[in-house]
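>
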Amino acid sequence: MPGDSAQLIKVGKRQSKGRSRLADDNGSTVQERSPPSNSQDPPSWAVLDDLPGDTTSSEFPRDFPRDEVLGPSLPVSLVSAPAWAHSPESSALGTAPFSDNGGAMDYLVTHLSPGSLSLVNHIGLSQIHILGHDSLTLGHEEYEALGHYQNGFCLVHTSKAAAWSFPVLLLQKVSYSAIALRYAVAVALQDLDARRHTEGLTISGQESALALSHFTRASSAFREAIRQSAKPVDHVETLATFYFHYVYLTHQRAVDKEELHKLSQAVVRYLQRSSIGDVLTRSTAEAATAITPSMRSFLCRLLLWVYREDVYAMGYRCAGEVARYMSDCPKLLRRLCVVSRPALQLNWGTLYPTEQRLDDVFSAQHLDMLVRMLQLQFQITEFGWSAMSDECSGTPISEARNAEIEEKLDLIETDFSATFQMITMPDDNNPNSACDLVESAAVFVTIYYAWKMIYYRCAGMPEGRIQDILAMLMQAAQHTIRKVHLKDLRRALLAAVIETNNPIHKDWIISKLGPRWRLVLEHALDRRSRMGQHLSIWTLYEMASDTSGIW
């Protein structure tokens, strides 16, 4: 936690085989225990019931000058201390511990190049020490994972340039928190493990033991920190914990639906008891002085990312409580969207390149469109699972339309007509900047048509109308080739591949899907060919919720 400023940064010796070690409270260093098994029961989220009923005892890390690379991520209590220090193998730092921490900060600010994956990739060292509530030392594997987080993992979650993306900004913001960084390491290790498994570089289909170890330790440490009610609530650490928790759980080979639902309920309790949403979206005149505009915008964006993960988890027929909460608070959701728009510009500050600023300006409507589509996805997912239940129970499927969903679909096409028109622009002689804009617009249009098609199928619409939507989806998808790594886009393409009868389209989409969905789809298509039944998106999600037997 940010208040643990009394500890000194410890500089240790290189460990063999990249094993991580933990520094305990009395300063000794102990070998990390064996990773816990998958069967270990997660601690209860009930600790969130003890949160204060308002934000008067909350903590918002203070913003530092924008020209300091790690400045925005540091709490007030660590004014001159970096979030991490390096091993003595760096001649620039020497071998003595830093009693005042200032030398390490000077080194970081001087040598790290902002916006160029600098947090980890420019540190050619074997260990990174992070102090706080759950002090730890990162070895070779964790070090590699943090690098992957910045140049691989983050690209699955955002279309921004990696160096200036929100996931990288998030990593900087939580660099004071050993808990949040453990989570970041866990999701990065998990993603690396999944990629290596599909490439034949791992020998078993089990979860990464090291990723599970970091995830479990971070989870336990976070709950323990919350129990210490005398300390203020750290909203950056709390929301980051929720976000990483969602990401880790939804990417397990066997998705823990019960834990995801408990997490969803816990986030809602946090939102209700802390009133953080209301605090963040107050007008400037009403805003508390304890939180700066840049921090306010950052937290709004982070809360939206938590919301998006909750909607995503609904595909596995769990979670959804945050999505329902936001659906019941449309004014709050609109304000979160508005306040979050300048998050990257405000927090990267003068380091932020002009082309990235312009990209944010042109992409502002896409953020608005995304939030509107998340609201729709929540309703369509609930509608779809209900239709799936009727089908499983033997209830005859007839056209069962939802007027509210259809009205929202129509409003999106009207309100964002310029975005839809962009994908119809002729390709000839377009400058690169225009091509980038078309590409970005095409991602959101593809996602929109995918969910419209899913709704049409669930509502029992005529086949001809479904195929018309599919044709428009594929027209938009042809502009998204460089963006197919985005998980939201892959889910959209997944909906298309089970509807298309065009073998060229089918082969192209399958080649672009991630390893998890590609494997699930192959098994599902094989089942369809044997049983002769139409394959629904909900069947795919049901299969994807437990791939331990086929992956």
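The sequence shown maps to residues 45 to 595 in our numbering.
By construction, the Cβ of each residue, glycine as well, lies at the ideal position given by its N, Cα and C atoms.
(1) I need the boundaries of the alpha helix (DSSP H) containing C381, first residue and last residue.
(2) Since A298 sits in a beta bridge, which residues does DSSP pair it with?
(3) What do you reckon, are the CB atoms on Q194 and L225 nearer than 9 angstroms?
(4) Quick check on DSSP: helix, strand or coil for N10?
(5) Distance, Cα to Cα, F38 vs A232?
(6) Checking 9 angstroms against the spacing of the C-beta atoms, do H305 and E353 come in under that value?
(7) Using three-state DSSP, classify G393 as helix, strand or coil.
(8) Apart from the five residues on each side of it in sequence, which residues of its chain come closer than 7 angstroms, Cβ to Cβ, to M497?
(9) Taking three-plus beta-carbon pairs below 8 angstroms as touching, is the segment 519 to 533 in contact with the segment 448 to 455?
(10) In whole angstroms, what separates the C-alpha of L182 from that of A230?
(11) Less than 9 angstroms separating the beta-carbons of A228 and L190?
(12) With distances taken Cα to Cα, identify the nearest neighbour of R240 among R267, R560 and C502.
(13) Would a C-beta distance cut-off of 9 angstroms place V311 and V277 closer than the cut-off?
(14) Can you give me the Cβ contacts of F266 inside the same chain, cut-off strictly under 7 angstroms, excluding the 5 residues immediately before and after it?
(15) Check whether the Cβ atoms of D235 and F210 sit closer than 9 angstroms, and answer yes or no.
(16) Please determine, among P386, L348, A253 and N391, the residue with the shortest C-alpha to C-alpha distance to D404.
(17) Whole-angstrom Cβ separation of R293 and L307, contact assumed at under 8 angstroms?
(18) Between the Cα of Y369 and those of S318, R313, L537 and E186, spot the shortest distance and give me the residue it belongs to.
(19) Note down the Cα distance separating Q75 from Y396, rounded to an integer number of angstroms.
(20) Which residues mark the beginning and the end of the alpha helix (DSSP H) in which C344 is found?
(21) Grab the span of the alpha helix (DSSP H) containing H549 for me, first residue to last.
(22) Kindly indicate which three-state DSSP category G198 falls into: helix, strand or coil?
(23) Give me, in chain order, the residues of the same chain whose beta-carbon lies closer than 8 angstroms to that of I467; leave out the 5 immediate sequence neighbours on both sides.
(24) Would you check if the distance between the CB atom of W208 and the CB atom of L388 is smaller than 9 angstroms?
(25) Whole angstroms are fine: how far does the CA of R326 sit from the CA of I335?
(26) Quick one: Cα of T202 to Cα of M432, how far?
(27) Do S384 and R416 come within 9 angstroms of each other at the CB atom, strictly closer than that value?
(28) By the three-class DSSP mapping on this structure, what secondary structure does H305 have?
Taking the geometry as given:
(1) Your numbering for residue 381 matches position 337 in the sequence shown. Here the alpha helix (DSSP H) through C381 covers P374 to S384.
(2) Here residue 298 corresponds to residue number 254 of the sequence shown, with the count starting at 1. BP columns for A298 point to D590.
(3) In the sequence shown, the residue the question calls residue 194 occupies position 150. In the sequence shown, the residue the question calls residue 225 occupies position 181. No, these two residues do not count as a Cβ contact at 9 angstroms.
(4) The structure shown does not extend to residue 10, since the chain spans only 45 to 595, so no value can be given for it.
(5) Any question about residue 38 goes unanswered here, given that the chain covers just 45 to 595.
(6) Residue mapping note: residue 305 aligns to position 261 of the sequence shown, counting from 1. Residue mapping note: residue 353 aligns to position 309 of the sequence shown, counting from 1. The answer is no: Cβ separation not under 9 angstroms.
(7) Numbered from 1 along the sequence shown, position 349 holds the residue referred to as residue 393. Three-state DSSP puts G393 in a helix.
(8) The count along the sequence shown starts at 1 and reaches residue 497 at position 453. Contacts found: I510, I513, L514, L517, A539 and E543.
(9) no
(10) Here residue 182 refers to the residue found at position 138 of the sequence shown. Here residue 230 refers to the residue found at position 186 of the sequence shown. Cα-Cα distance, rounded: 12 angstroms.
(11) Here residue 228 refers to the residue found at position 184 when the sequence shown is read from its first residue. Here residue 190 refers to the residue found at position 146 when the sequence shown is read from its first residue. Cβ atoms of A228 and L190: closer than 9 angstroms.
(12) Here residue 240 refers to the residue found at position 196 when the sequence shown is read from its first residue. When only C-alpha atoms are compared, the closest one is R560.
(13) Position 267 of the sequence shown holds residue 311. Position 233 of the sequence shown holds residue 277. Result no, Cβ atoms of V311 and V277 do not sit closer than 9 angstroms.
(14) Mapped onto the sequence shown, residue 266 falls at position 222. Once the five neighbours on either side are set aside, the close Cβ partners of F266 are I223 and T285.
(15) To locate residue 235, count along the sequence shown from 1; it is residue 191. To locate residue 210, count along the sequence shown from 1; it is residue 166. The answer is no: Cβ separation not under 9 angstroms.
(16) The residue labelled residue 404 in the question sits at position 360 within the sequence shown. It is P386.
(17) Within the sequence shown, numbered from 1, the residue matching residue 293 stands at position 249. Within the sequence shown, numbered from 1, the residue matching residue 307 stands at position 263. Looking at the sequence shown, residue 293 is not Arg but Leu. Right, the Cβ-Cβ distance comes to about 7 angstroms (below 8 angstroms), so this counts as a contact.
(18) If you number the sequence shown from 1, residue 369 lands on position 325. Measuring from the Cα of Y369, the nearest candidate turns out to be R313.
(19) For the purposes of this step, residue 75 is taken as the residue at position 31 of the sequence shown. For the purposes of this step, residue 396 is taken as the residue at position 352 of the sequence shown. At Q75, the pLDDT of 33 sits below 50, so the modelled position is not reliable; the number obtained from the coordinates is stated separately. The alpha-carbon atoms of Q75 and Y396 are separated by roughly 41 angstroms.
(20) Residue numbering aside, residue 344 sits at position 300 when the sequence shown is read from its first letter. Residues P337 to A357.
(21) If you number the sequence shown from 1, residue 549 lands on position 505. It spans P547 to K556 - the alpha helix (DSSP H) in which H549 sits, taken as one unbroken run.
(22) For the purposes of this step, residue 198 is taken as the residue at position 154 of the sequence shown. Correcting the residue identity first, residue 198 is Cys in this sequence and not Gly. DSSP places C198 in helix when its eight states are reduced to three.
(23) Position 423 of the sequence shown, counted from the first residue, corresponds to residue 467. Closer than 8 angstroms at Cβ, skipping near neighbours: V482, A485, A486, V489, Q519, A520 and H523.
(24) As a working note, residue 208 is residue 164 in the sequence shown. As a working note, residue 388 is residue 344 in the sequence shown. Against a cut-off of 9 angstroms, the Cβ pair of L388 and W208 comes out as a contact.
(25) Locating residue 335 in the sequence shown gives position 291, counting from the first residue. Locating residue 326 in the sequence shown gives position 282, counting from the first residue. Going from the Cα of I335 to the Cα of R326 covers about 11 angstroms.
(26) As a working note, residue 202 is residue 158 in the sequence shown. As a working note, residue 432 is residue 388 in the sequence shown. When rounded, the distance between both Cα atoms is 31 angstroms.
(27) Counting from 1 along the sequence shown, the entry for residue 416 is found at position 372. Counting from 1 along the sequence shown, the entry for residue 384 is found at position 340. The answer is no: Cβ separation not under 9 angstroms.
(28) As a working mapping, residue 305 is identified with position 261 in the sequence shown. The answer is helix: DSSP assigns H305 an H, G or I state.
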